[in-house]
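Numbered by the working numbering, the letters in the sequence shown go through residues 5 to 58 in order.
Idealized CB from N, CA, C, for every residue including glycine.
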Amino acid sequence: GAAELGPVPPGHEDVGGARFQVGCIGLAVAKDLSGEEWEILPPLVTAVGVNDQT
């Protein structure tokens with residue numbers, strides 16, 4: 005509910021469906037010097053239940 009949301013920026017909109025989304029922060033390493041091939045490493049941080057405004 006609203007009490008679980010905490011402080012939000014002005015203009016915040018409830019976009020709904022966040023419970024179905026996951027956001028990850030991670031790194032990728034270039035496989036060669038051209039930078040055309042990359043290896044995506046496992047996530048450093050994963051957040052469940054986020055949306056584009058989080």
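Report the partner residues of residue i according to the DSSP bridge assignment.
i: V33; result: E43
i: N27; result: Contrary to the premise, residue 27 reads as Gly rather than Asn in this sequence. The partner list for G27 (beta bridge, DSSP) reads A51.
Beta-carbon within less than 8 Å of residue i's beta-carbon, same chain only, minus the 5 sequence neighbours each way: which residues are those?
i: P46; result: G30
Taking only heavy atoms of the ligand MG into account, decide whether any of them is closer than 8 Å to the Cβ of residue i.
i: L48; result: Because no ligand of any kind appears in the structure shown, any question about the ligand MG cannot be addressed here.
Measuring only the C-alpha atoms, how far is residue i from residue j?
i: P14; j: V33; result: 37 Å
i: G53; j: F24; result: 6 Å
i: P11; j: L48; result: 25 Å
Excluding the 5 residues flanking residue i on each side, which residues of the same chain have their C-beta closer than 6 Å to its C-beta?
i: V19; result: N55
i: E41; result: K35
Between the options, which has its C-alpha nearest residue i's C-alpha?
i: T50; options: V26, E43, S38; result: V26
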